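Protein chains: 2
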Amino acid sequence: MSETVSKPVVGIIGTGAIGGFYGVMLARAGFDVHFLLRSEFSAVAERGLQVNSAVHGPLTLDPANAYCVAEDMPRCDWLLVGTKTTSNAGLAPAIIQAAKPDAKVLLLQNGLDVEDNLRPLLPDSLHLLGGLCLICVNRDGPGQITHQALGAVNVGYHSGPVIDEAARMAIVEEGAGLFRAAGIDSQAMANLHQARWQKLVWNIPYNGLSVLLGAGTAALMADADSRTSIQALMAEVVQGAKACGYEIAPGYAEYLFSMTEKMPDYWPSMYHDFLHKRPLELEAIYARPLAAAKAAGCELPRIEALYRHLGFIDRRNT
Amino acid sequence: MSETVSKPVVGIIGTGAIGGFYGVMLARAGFDVHFLLRSEFSAVAERGLQVNSAVHGPLTLDPANAYCVAEDMPRCDWLLVGTKTTSNAGLAPAIIQAAKPDAKVLLLQNGLDVEDNLRPLLPDSLHLLGGLCLICVNRDGPGQITHQALGAVNVGYHSGPVIDEAARMAIVEEGAGLFRAAGIDSQAMANLHQARWQKLVWNIPYNGLSVLLGAGTAALMADADSRTSIQALMAEVVQGAKACGYEIAPGYAEYLFSMTEKMPDYWPSMYHDFLHKRPLELEAIYARPLAAAKAAGCELPRIEALYRHLGFIDRRNT
Numbered sequence: 001m002s003e004t005v006s007k008p009v010v011g012i013i014g015t016g017a018i019g020g021f022y023g024v025m026l027a028r029a030g031f032d033v034h035f036l037l038r039s040e041f042s043a044v045a046e047r048g049l050q051v052n053s054a055v056h057g058p059l060t061l062d063p064a065n066a067y068c069v070a071e072d073m074p075r076c077d078w079l080l081v082g083t084k085t086t087s088n089a090g091l092a093p094a095i096i097q098a099a100k101p102d103a104k105v106l107l108l109q110n111g112l113d114v115e116d117n118l119r120p121l122l123p124d125s126l127h128l129l130g131g132l133c134l135i136c137v138n139r140d141g142p143g144q145i146t147h148q149a150l151g152a153v154n155v156g157y158h159s160g161p162v163i164d165e166a167a168r169m170a171i172v173e174e175g176a177g178l179f180r181a182a183g184i185d186s187q188a189m190a191n192l193h194q195a196r197w198q199k200l201v202w203n204i205p206y207n208g209l210s211v212l213l214g215a216g217t218a219a220l221m222a223d224a225d226s227r228t229s230i231q232a233l234m235a236e237v238v239q240g241a242k243a244c245g246y247e248i249a250p251g252y253a254e255y256l257f258s259m260t261e262k263m264p265d266y267w268p269s270m271y272h273d274f275l276h277k278r279p280l281e282l283e284a285i286y287a288r289p290l291a292a293a294k295a296a297g298c299e300l301p302r303i304e305a306l307y308r309h310l311g312f313i314d315r316r317n318t
Numbered sequence: 001m002s003e004t005v006s007k008p009v010v011g012i013i014g015t016g017a018i019g020g021f022y023g024v025m026l027a028r029a030g031f032d033v034h035f036l037l038r039s040e041f042s043a044v045a046e047r048g049l050q051v052n053s054a055v056h057g058p059l060t061l062d063p064a065n066a067y068c069v070a071e072d073m074p075r076c077d078w079l080l081v082g083t084k085t086t087s088n089a090g091l092a093p094a095i096i097q098a099a100k101p102d103a104k105v106l107l108l109q110n111g112l113d114v115e116d117n118l119r120p121l122l123p124d125s126l127h128l129l130g131g132l133c134l135i136c137v138n139r140d141g142p143g144q145i146t147h148q149a150l151g152a153v154n155v156g157y158h159s160g161p162v163i164d165e166a167a168r169m170a171i172v173e174e175g176a177g178l179f180r181a182a183g184i185d186s187q188a189m190a191n192l193h194q195a196r197w198q199k200l201v202w203n204i205p206y207n208g209l210s211v212l213l214g215a216g217t218a219a220l221m222a223d224a225d226s227r228t229s230i231q232a233l234m235a236e237v238v239q240g241a242k243a244c245g246y247e248i249a250p251g252y253a254e255y256l257f258s259m260t261e262k263m264p265d266y267w268p269s270m271y272h273d274f275l276h277k278r279p280l281e282l283e284a285i286y287a288r289p290l291a292a293a294k295a296a297g298c299e300l301p302r303i304e305a306l307y308r309h310l311g312f313i314d315r316r317n318t
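Chains as they are written, first to last, in the UniProt record's numbering: chain A, 1 to 318; chain B, 1 to 318.
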């Protein structure tokens with residue numbers, strides 16, 4: 001372990017906007033980063049990765065260590081997974097292939113319980129963690145990423161060979177430390193469920209409404225009716241979290257609301273999925289939180305209505 | 001009165017799909033019907049009115065008694081108003097001009113309290129009634145109407161010189177009798193509010209979802225998620241009506257739901273308003289029922305969410 005604590009080998013599984021941005025930031029901070037790609041492999045192998053960041057300026061990683069099959073990658077200490085939650089189970093073979101026996105696998109994904117489909121497919125020796133990214137980032141083309149604002153990552157432990165709370169937190173701290181070493185704000189969360197519910201306070205209103213109303217954050221924050229919708233949806237997420245035993249700090253929803261007001265116009269990833277006729281992440285972001293709240297005796301009618309609207313749209317779109 | 005009871009003079013204010021269809025049906029039944037039009041006057045004066053009805057076959061009224069100003073119309077016993085609720089107040093001068101002193105003004109419009117903007121602008125001697133049309137009808141062009149299915153009109157008394165309940169019901173029966181004489185199913189309703197709430201059980205889900213999801217009834221009835229949405233919205237209307245003191249008969253929502261399943265694919269008028277960038281009837285169909293329910297201590301979260309979504313869409317569209 002001692003050598004990897006200082007400079008762990010990092011693998012990025014799925015080099016889209018999230019995987020690409022954090023991978024480039026880590027590589028520029030001196031970490032040994034390796035990128036697994038599919039359709040974009042040849043473009044990135046030829047031209048590397050470019051991040052056009054409004055915060056950090058233009059960042060280029062060229063050459064990038066790009067791979068089209070996991071078999072060619074070095075064994076990694078940390079694997080960052082930035083793909084869609086809809087493909088998690090299918091990633092198990094690549095993750096297992098690229099992981100050292102005691103590697104940490106960090107799912108940088110939104111939604112609840114996104115680890116549950118993947119966990120049974122991984123060896124028990126692998127640590128599984130979740131990371132919630134508060135960031136405005138989009139993929140413009142193969143290896144081309146635009147970073148508009150923010151970047152913080154909240155990390156929590158999901159499951160793995162370590163049971164002891166303190167030992168788990170040490171691993172979570174190590175993960176947060178990776179990001180901080182790359183100049184990225186990162187917090188170690190004692191409870192991953194808490195972190196996931198907290199992030200849903202943003203994703204549930206903005207992801208869904210961007211698709212339903214065909215609007216970015218600027219338009220949504222400029223209209224009295226959509227502002228009311230957002231606040232009502234946020235309040236329901238807080239209520240659902242509470243029913244499930246996770247108290248969201250008072251004022252947190254208001255903080256996200258006014259933070260979004262100050263953000264540049266941002267079109268959430270769900271809108272881009274809709275636009276490119278990819279399946280929407282409705283299971284992770286809507287169905288599971290609704291089911292968890294319902295199991296705790298809590299109805300969330302506005303979220304449920306939004307979920308049904310999105311279900312209709314998604315089915316027609318794909 | 002005796003002469004007008006047998007063959008009253010009928011004026012149609014706003015000869016769109018609704019006014020045109022019922023006007024043609026009444027004229028063909030032998031009533032003396034006069035049509036007030038604006039932009040479509042010359043087309044109808046030249047070529048009359050054509051109703052392409054899937055129920056009654058092709059119906060032509062040529063010549064139609066068409067007018068472009070109310071001053072040219074004969075004084076009418078009954079005035080049927082088929083315009084948008086958004087323009088009610090502006091119609092008062094034309095209605096007063098075309099009405100006999102004791103005329104009955106029947107608003108063939110959906111929504112709650114749509115008479116309230118108009119009533120103070122009318123002389124006390126005029127009877128004001130409301131009519132709820134369960135019909136699939138659309139305007140295809142000037143004087144061109146497609147009638148797909150159904151047609152029943154439920155009539156109720158709003159306000160006027162008659163206070164006595166029995167005398168009011170006699171006028172309502174007279175109105176229902178007009179439609180029945182033209183082969184149209186029509187029911188005299190003892191309570192107009194009850195009739196309006198009852199009709200909202202259909203309009204609140206289908207009108208709004210057609211705009212929000214860009215879908216006609218066939219698509220909405222074919223998808224599990226939109227079916228769930230419709231049923232949940234219907235249940236909230238029933239709940240709101242109950243809170244306001246109007247009990248919707250058990251099974252009525254289910255009846256409308258399965259009736260819609262058997263209908264041909266229908267795109268509600270709100271969708272056509274959206275398509276042609278006309279203001280949506282959100283006040284009559286959503287805001288007033290929500291306010292009435294809220295005043296009675298009843299929250300309708302799904303309807304409120306839908307209303308907010310439509311408010312955003314409407315503001316961007318017009």
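The beta carbon of each residue, even a glycine, is placed where N, CA and C say it ideally should be. Here the structure is a predicted model, which means the values were calculated and not measured.
DSSP lists 52(B) as the beta-bridge partner residues of residue 58(B). Under a 10 Å Cβ-count criterion, residue 38(B) is classified as exposed, with fewer than 16 other Cβ atoms of the shown protein chains found around its own Cβ.
With a 10 Å radius around the Cβ and a threshold of 16 neighbouring Cβ atoms, residue 266(B) comes out buried. Burial check for residue 58(A): the Cβ neighbour count within 10 Å stays below 16, so the residue is exposed.
Between residue 128(B) and residue 156(B), the C-beta spacing is not below 8 Å.
Between residue 108(B) and residue 89(B), the gap from beta carbon to beta carbon reaches 8 Å or more. As the crow flies, the alpha-carbon of residue 236(A) is around 32 Å from that of residue 21(A). Per DSSP, the continuous alpha helix (DSSP H) segment holding residue 205(B) begins and ends at 192-212. Separation of residue 182(B) and residue 23(B) (C-alpha to C-alpha, rounded to the nearest whole angstrom) is 10 Å. In this structure residue 65(B) does not touch residue 146(B) by the C-beta definition: roughly 22 Å separates them, more than the 8 Å allowed. Using a Cβ-Cβ cut-off of 8 Å, residue 265(A) does not count as an interface residue toward chain B, since no Cβ of chain B sits closer than that to its own. Residue 92(A) and residue 303(A) have their alpha carbons spaced roughly 31 Å apart. With contact defined as three or more Cβ pairs closer than 8 Å, the region 129-146 of chain B and the region 294-313 of chain B are not in contact. Put simply, the CB of residue 223(B) is near chain A, with a gap under 8 Å to one of its CB atoms. DSSP places residue 238(A) within a helical segment (H, G or I) once states are collapsed to three. In the structure shown, residue 179(A) adopts helical secondary structure according to DSSP, grouped into three states. Of all residues in the region 202-230 of chain B, those with a C-beta nearer than 7 Å to a C-beta of chain A are 212, 213, 223, 225, 226, 228, 229, reading in chain order.
With respect to the 8 Å criterion, residue 264(A) and residue 149(A) are classified as neighbours on the basis of their beta carbons. In the DSSP assignment, residue 157(B) falls within the unbroken beta strand (DSSP E) covering 144-159. Here residue 227(A) is not bridged, per DSSP, to any residue. Of the residues 72(A), 61(A), 104(A), 62(A), the one whose Cα lies closest to the Cα of residue 81(A) is 104(A).
For residue 313(B), the neighbours in chain A by C-beta distance under 8 Å run, in chain order, 213.
Here residue 307(B) carries a helix assignment [DSSP, helix/strand/coil]. Checking the DSSP bridge columns, you'll see residue 129(A) partnered with 106(A), 157(A). Counting only runs of 4 or more residues that sit fully inside the region 13-47 of chain B, the alpha helix (DSSP H) segments are 17-28, 41-47, in chain order. Proximity of residue 301(B) to chain A, defined by a Cβ-Cβ separation below 8 Å, is satisfied.
Three or more beta-carbon pairs separated by less than 8 Å are not found between the region 204-218 of chain B and the region 279-295 of chain A, which leaves the two stretches without contact. Residue 34(B) and residue 49(B) have their C-alpha atoms roughly 12 Å apart. Exposed is the label assigned to residue 163(A), since fewer than 16 other Cβ atoms lie within 10 Å of its Cβ.
The shortest C-alpha to C-alpha distance from residue 198(A) to any of 185(A), 166(A), 255(A), 213(A) is the one to 255(A). Secondary structure of residue 72(A) (DSSP, three-state): helix.
Residue 217(B) has its alpha-carbon roughly 27 Å from the corresponding atom of residue 233(A). Contacts with chain A (Cβ-Cβ distance below 7 Å) from the UniProt domain "Ketopantoate reductase N-terminal" (10-159) of chain B involve no residue at all. Cβ contact annotation for residue 203(B) (same chain, cutoff 7 Å, sequence separation greater than five): 110, 285, in chain order.
Per DSSP, reduced to three states, the secondary structure at residue 122(A) is coil, with no helix or strand assignment. Rounded to whole angstroms, the separation of the alpha carbons of residue 75(B) and residue 97(B) is 8 Å.
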